[in-house]
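Numbering (our numbering), first residue to last: 41 to 258.
Here's the structure, in structure tokens; my notes come after.
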């Protein structure tokens, strides 16, 4: 286990390697590998373990009444998924969690995290505070997605999302974590219509793009 990497994650921030090692034992940590497109959790499951991504990335997804997939979030190395459901173990998932590439996940028992540690770990309180911060950030990310999908037009949604990513990365030249289909799913639009609109925006000199690389020109 790379404890140096774990100490840099939001969940274990402020902890030393030996403290993290003890916490993993307390939290019943289990490490698993997944292939690209392999389902990790399914809608309707009830779970007790949250996942921390050691390598790779995952998407949280849902399906509308027409069977169209909608990507709710893209979660990368060092980040958590399913933490809310793991803290409410009787609440069935409303989402699927799928590996978007070959990934390694560290599963942690949320109930052990929330309960008083039988070993009276002095760093347990810090862990709970870190989890609260992670949860608040996740809520903010979901709010951003609602903001990006609120415009009625595809162009409006693209402008909202790409402008945000440019500001977030501090550069007009940036990468996004989605391919074309994933971007269409995230913005909840048809892929062909999305590609058509991107083509128009390139012809108008608004942006240039190649795969998941974008440059805003205006």
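Backbone N, C-alpha and C define an ideal beta-carbon position, used for all residues, glycine too.
Excluding the 5 residues flanking it on each side, residue 70 has same chain C-beta neighbours closer than 8 Å at 89, 146 and 147, in chain order.
Each residue's CA atom was taken as its position, placing residue 236 and residue 137 some 29 Å apart. When the Cα atoms are used, residue 113 and residue 254 turn out to be separated by approximately 19 Å. Distance from the CA of residue 139 to the CA of residue 76, rounded to the nearest whole angstrom, comes to 5 Å.
If you check the CB distance, residue 111 and residue 225 come in under 8 Å.
Between the alpha carbons of residue 198 and residue 135 lies a gap of roughly 24 Å. When DSSP states are grouped into helix, strand and coil, residue 211 belongs to the coil group. Short of 8 Å from the beta carbon of residue 168, and not among the five residues preceding or following it, lie these beta carbons of its own chain, in chain order: 153 and 154. Closest option to residue 241, judged by alpha-carbon separation, among 44, 195, 41 and 230: 195.
Boundaries of the alpha helix (DSSP H) around residue 237: 231–243. With a cutoff of 8 Å on beta-carbon distance, residue 143 and residue 97 are scored as near each other. If you check the CB distance, residue 166 and residue 68 do not come in under 8 Å. Each of 85, 42, 93 and 184 was checked against the Cα of residue 73, and the nearest Cα belongs to 93. Inside the segment 43–103, DSSP marks whole alpha helix (DSSP H) runs of 4 or more residues at positions 43–47 and 57–66, from first to last along the chain. Per DSSP, the continuous alpha helix (DSSP H) segment holding residue 170 begins and ends at 164–189.
Nearest in C-alpha terms to residue 83, of all of 243, 121 and 132, is 132. The bridge partners DSSP lists for residue 149 are 89. One thing to note: residue 202 has its Cβ no nearer than 8 Å to the Cβ of residue 220. Judged by DSSP in its simplified three-state form, residue 204 adopts helix.
Bounds of the alpha helix (DSSP H) holding residue 220 are 220–227.
Nearest to residue 150 by C-alpha distance, out of 79, 87, 78 and 46, is 87.
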